[in-house]
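Student: After the structure tokens below, expect a handful of questions from me.
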Amino acid sequence: MGKNGKQTPPRPRIELQGGTASPEEAAAIAAAIEQFIRDTAPPPVAEQRINPWVRASLYENASIMATSGALDPDNANTWGDGEPWGR
1 MGKNGKQTPP RPRIELQGGT ASPEEAAAIA AAIEQFIRDT APPPVAEQRI NPWVRASLYE
61 NASIMATSGA LDPDNANTWG DGEPWGR
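Residue numbers (our numbering): 1 to 87.
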């Protein structure tokens, strides 16, 4: 099943403040920190795959419901048929 949007944390902004490093050294330090963040990040979670047979049956049921009129708000009840039970 899919997720409602990607829920990833915001990427941190890496800055060096108050140092005596040259711009090249600062860029190298920032690149090393970014590489460390990428290397130590948890692996992405694989999406759960639905069984192809279950997926086909869900689609088939949806098409049966649509063609039988069960999805018609004027015709549908709890059981999906137009005949009320117990009357």
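Glycine residues also receive a C-beta, built at the ideal position from the N, C-alpha and C atoms.
1. When you compare only the Cα positions, how much space is there between E15 and A28?
2. Quick check on the DSSP output: the alpha helix (DSSP H) that includes T40 runs from which residue to which?
3. Could you tell me the alpha carbon to alpha carbon distance between A41 and I50, rounded to whole angstroms?
Tutor: This is what the structure gives:
1. Looking up residue 15 in the sequence shown gives position 15. Looking up residue 28 in the sequence shown gives position 28. Approximately 12 Å, taken between the alpha carbons.
2. Taking the sequence shown and counting its residues from 1, the one referred to as residue 40 is at position 40. Residues 23 to 40.
3. Locating residue 41 in the sequence shown gives position 41, counting from the first residue. Locating residue 50 in the sequence shown gives position 50, counting from the first residue. Near 27 Å, if we compare the C-alpha coordinates of I50 and A41.
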